[in-house]
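If you're matching them up, the sequences are chains X and Z in order.
Residue 102 in my numbering sits at position 100 of the first sequence; the count goes up by one each step and never skips.
Residue 774 in my numbering sits at position 587 of the second sequence; the count goes up by one each step and never skips.
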Amino acid sequence: MSSIPKKTPQRANLLQGTLDMLILRTLLYGPAHGHHIGKHIQRTTNDFLQMQHGSLYPALHRLEQRGWVASKWETAPDRNREFKYYRLTEKGRKQLVVEESQWKQMADAVARVMWPPAEES
Amino acid sequence: MRWWQLKKRNADLERELQSDLDLEEEEQRENGLPPEEARYAARRAFGNLTLIREQTHEAWGWAALEHFAQDIRYGVRQLTRAPAFTITAVFILALGIGGVTAVFSLIDAVLLRMLPVEKPEQLVEFKAINPAFPVNDSFSYTAFKSLQGQAQAMAGALAFRKLGNVDLEVDGRGGLAAGQLVSGSFFSVLGVGAARGRTLLPADENAAVPTPVAVIGYDYWRTRFALDPDIVGKHVLVNNVPFTIVGVTKPEFYGVQPGEKVEVSIPLTMVGSVLPGFANVGGPADALKAPFRNWLHVMGRLQDGVTRERATASLEPVFAQCMRGAAASLAGTPVDSPAVRRAYLNFRLSLEPGSQGLSALRRQFSKPLWIVMAIVGLLLLITCANVANLLLARANAREKEVAMRLALGAGKGRLVRQLLTESILPGLGGGVVGMGLAYWGNSLLLAMMTRGRSPVSLSASPDLKVLAFALAVSLLTALVFGTIPAWRAADVDPSRGLAKNARNSTALSTRSRLGKSLVVLQAAISLVLVVGAGLLARSLTNLKGFYPGFVRENVLLFSVDPTVIGKNDVVPIYEQLLTRLRIIPGVRLASLSVHEPLTTNMSTTALKVRDAAPGQQDDLAPVNVEPVGPDYFATMGTALFRGRDFSSSDRSGSTKVAVVSEALARHYFCNADPIGRLVSIPGFVGDSSWIQIVGETRDIKFHDLRETDALVLYLPLFQLPEGGATFEVRTALDPAFVQNTALDAVRSLDPRMPVHSVKTLDSQLDDSLAQERLVGSLPGVFAGLALLLTSVGLYGLMAYTVNRRTSEIGIRMALGADRGQVARMVLRETLLLVVGGLVVGLPVAFFASRLIASQLFQIKPWDPITFLGACALMMVATMAASYIPARRAASIDPLQALRTE
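So this is what it looks like as structure tokens:
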């Protein structure tokens, strides 16, 4: 029998939401498979976001369940094998816009607290 | 995503993970790592694969279902690994669930099921309520016609009267059929169609000359006519009157009285032809014209949206009008009296739900069936306790496994859920086996309810409702017996549970405390059942051994009605028949009466006494008038206190005489000798001439054995010849030996003479005891089962306790306790448990026996002998159960016991 350990709170939730946004943004460049997406995020952030690739899959499946991405098995151009490619749907594009603006608001709000603009003399 | 795509989805995920993992590995290799290390690096980069799978599954939203399926797979594996436990649990549960289901399906068939007609919920049954009468559900034809015309409340009304068995002759061959007279609206109001031909129509009833047409039931078409395709148009004789069959009703229709069947229906306006004596056509009590002749059951269909209350209110004036007419029409008839008129004027109309039809069966069996239901319910509770105890013992065996899982990080809730699933499986297994038992038990129950009476046609085959009930009971049972053990099992401290010697953990002691309280509960419930069963069984014995005022053995009964074949002068026929019957070898005595013994259709009237003691004249205690033939009391074996039996010289023209019952003498003559006193019954015979009392008999229980002694006035049948009569033939041996000869004697008078209701007095009596038999013997069986299960439970607990305390007992013995002391110790513990059960059970039993008081006969609900006997029985049974564990305890070898420690 297996059991599910409880998720670590708060931080995981924040990361989860962020992860969704990052995945959607990555797919804006075109269809990609899970490994691809993981590598891309890792590379772009200069390995700052050291995530385990595994955590991508639940997120990908969740996004697919919600209809934000669609998947298809396709042969990779450089390898002679099929991979599961994810593609952004129209609904996903809209969602990305929403999440992006939310994230911006949040970042602005945090920034305003952390680094208050210098008072004009 | 749908759940049936899960499997495909899962394969897809596996493929995806594998392909990406392979890619990662390739890349690592390309980076220059050796293959082995590349694989490990890839796995590291990926993280916990199982976790990924589970989290992904959760993202699909079917996690709960998947876990459930997982639990079931695991549960099945666990159960197949412990077959002894599984079989025991399933069997025990099957007993409980099967019992409850069997009784429920019977309750469903008798009490709950709706009539198989169109929109049964719109049907209402008409009743005339009068506080002075126990129940009256019959109406006159004129009243029915007036009520039928009230279209604003009723979409339609129907009337019918059961004919009992009629003689139905096909192609010169006679045979009995259950018949009914119906209004032309009967089938259309019910919405019952024809399988062949047509049903009866209003025109059949209302024609100036009623049409002799008949509709037969599907079953009868099958059994009597072998589904003859040319049935429509066939000519038959019903009580020697020619009829034409015009149709066959749909197979599912059996009449409006559950449990009784209708084989042939004819228009009620034909009553004058098939029952000339009863119909009294042209006479003052013409069944179709006299407003005071109440003989029809009436049902109606409410208009859409009309409530019963509104319909009653709108019909009430019409009904009152009818009753006033009925009272007025009494004028000049022999039954007229102020009391009778008052009775008519006091009737109030009442409409009752008719969706389940009218059922004498329902009235008779509703209380007994609920009692039996309560009993099997308690039995089910005992089985739950038993299985719970089994699970507790098993939980002990699995403690290490559970501790291991907790240590590995299993959540307690998840663990409880899984253990519960495991208990649901035997619950369902028990349900399935129980359904089988119920199916078999059902026919047994039906046989018990109906022995002696005409076959009851109830479809007792389990339908969807019963299946749903059984399923619900199984699941509920599983929850009841599974919850506590599951919580207990998961309540393990992993560090302790995994320790090598878990025998003395505290969880264990609370567990055995729980086991003990379960046994106490079982003992308490068993006591209640044993007491109840004892009381009911002793009532049944009392009823059977009770002297009803006649000797029940070796009496053959059959009924004839010469008026049906046009012979209205019945006395010479009856005398001739008596002579022929008496010369049959094996026949000792023969007599006749107007009514069958132990039936309810007797005429009731008030008695007038000449020279009565002051103050008695106004007392209108109803008297049953029973016309009987010569030698009636000798034939029935009824003792005469004083005076003489009727003889063949008591005939019309001779002095009018009567024999009274003890109770009548007590009431009207204050225990004084009634012989020679004069009475008159103007309400019954229509003239007020005086009748001389010539004898006094012991009381006879007429309607049923429970009734208070009825006041009976016997009159010589030959002084007031009526239509049909029932013959009583007392034989030296089994009546079956003379039955055919006796019936031949009837036919030798006239081959067309219809004979019906051939049976023995014994079976007639059995008939009236059907419900007592049901509640008298079934509880005994269930109480026996309860006792057995309790004993087994106790045995299990004690065996377990002894096993657990082996080392302690070893020490005791090493310190000098002898074997007797050890055995006594175990027995003492058992005794404590049982006494605990008795202490809890006795007050409940006292209360419960009060509830069944109405079912008891000549025994008090708190009968001390039954209570003491039940307690003693419990003691003996449970002590016997603990004998083996006690012996095992006594035979423990102290050396060995201590070495294992």
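Note that CB positions come from ideal geometry on N, CA and C, so glycine has one too.
As the structure is a computational prediction, the values presented were derived from the model and not from experiment.
Can you tell me whether Val379(Z) is buried or exposed, with buried defined as 16 or more other CB within 10 angstroms of its CB? buried
Counting only runs of 4+ residues fully inside the segment 1018-1050 of chain Z, write out the alpha helix (DSSP H) ranges in chain order. none
Applying the 10 Å Cβ sphere with the 16-neighbour rule, what's the burial state of Cys1058(Z)? buried
Look at the alpha carbon of Val925(Z) and the alpha carbon of Ala401(Z), and state the distance between them as a whole number of angstroms. 35 Å
Using 10 angstroms around the beta-carbon of Tyr734(Z), count the other beta-carbons present and answer buried if the total reaches 16, otherwise exposed. exposed
Buried versus exposed call for Phe374(Z) [16 or more other C-beta atoms within 10 Å across all chains shown]: buried
Assigned secondary structure, Ile878(Z) (DSSP; H/G/I helix, E/B strand, else coil): strand
Top-ranked residue by Cα proximity to Arg511(Z), from Glu496(Z), Arg529(Z) and Gly702(Z): Arg529(Z)
Integer-rounded CB distance, given that Pro814(Z) should sit under 8 Å from Ser839(Z): Ser839(Z) to Pro814(Z), Cβ: 12 Å. No contact.
Please report the distance separating the alpha-carbon of Thr329(Z) from that of Gly336(Z). 11 Å
Tell me which same chain residues have a C-beta within less than 7 Å of the C-beta of Ala228(Z), skipping the five on either side of it? Gln215 and Leu220
DSSP beta-bridge partners for Phe552(Z)? None, per the DSSP bridge assignment.
Whole angstroms is fine: what's the gap from Val738(Z)'s alpha carbon to Gln879(Z)'s? 27 Å
Pair within 9 Å by beta-carbon distance, Thr928(Z) and Arg775(Z): no
Kindly list, in the order they appear in chain Z, the residues whose Cβ is closer than 9 Å to that of Gly69(X). Near Gly69(X) there are no residues of chain Z at all, since even the closest Cβ is about 11 Å away, more than 9 Å.
Residues of the segment 74-88 of chain X in Cβ contact with chain Z at a cutoff of 9 Å, in chain order, please. Trp75, Ala78, Arg81, Arg83, Glu84, Phe85 and Lys86
Mapping the DSSP letters down to three states, classify Pro118(X) as helix, strand or coil. coil
For Gln763(Z), which residues of its own chain have a beta-carbon under 7 Å away from its beta-carbon, when the five flanking residues on both sides are left out? Leu936
Report the residue from Pro1072(Z), Leu961(Z), Gly366(Z) and Pro681(Z) whose alpha carbon sits nearest the alpha carbon of Arg991(Z). Pro1072(Z)
Could you tell me which chain Z residues have their CB closer than 8 Å to the CB of Pro33(X), listed as they occur along the chain? Those within 8 Å of Pro33(X) in chain Z number zero; the least Cβ separation is about 14 Å.
Using CA coordinates, which residue listed in Gln444(Z), Phe465(Z), Asp358(Z) and Gly1056(Z) is at the minimum distance from Gly541(Z)? Gln444(Z)
Arg488(Z), DSSP secondary structure in three states: strand
Does the beta carbon of Leu299(Z) sit closer than 9 Å to a beta carbon anywhere in chain X? no
Check this for me: beta carbons of Tyr88(X) and Leu29(X), under 9 Å apart or not? yes
Is it the case that the Cβ atoms of Gly963(Z) and Ala777(Z) are separated by a distance below 9 Å? no
Neighbouring residues, chain X, relative to Trp160(Z) (Cβ below 8 Å): Any property of residue 160(Z) remains undetermined from this structure, which presents chain Z solely from 188 to 1088.
Would you decide whether Leu532(Z) is buried or exposed? Buried here means 16 or more other CB atoms lie within 10 Å of its CB. exposed
Examine chain Z for any beta-carbon lying closer than 9 Å to the beta-carbon of Gly94(X), and answer yes or no. no
Whose Cβ in chain X lies nearer than 9 Å to the Cβ of Ser610(Z)? Going along chain X, no residue has its Cβ under 9 Å from Ser610(Z), so there is no contact; the nearest lies around 16 Å.
Per-residue burial, Met108(X) [other beta carbons within 10 Å of its own, 16 or more giving buried]: exposed
Contact set between the segment 202-215 of chain Z and chain X, restricted to residues whose Cβ is under 9 Å from the partner: Arg202, Glu203, Leu204, Ser206, Asp207, Leu208, Asp209, Leu210, Glu211, Glu213 and Glu214
Evaluate Gln367(Z) with the Cβ neighbour count: other Cβ atoms within 10 Å of its Cβ, from every protein chain shown; 16 or more gives buried, anything less gives exposed. buried
Assigned exposure category for Pro642(Z) - 16 Cβ within 10 Å defines buried: In this prediction, Pro642(Z) has a pLDDT of 47, which is less than 50 and means its spatial position is unreliable; nothing more can be read from the coordinates.
Cβ neighbour criterion (16 or more within 10 Å) applied to Gly32(X): exposed
Which of helix, strand or coil does DSSP assign to Glu813(Z)? strand
Given Pro1051(Z) as reference, the closest of Asp207(Z), Gly1007(Z) and Leu722(Z) once Cα atoms are compared: Leu722(Z)
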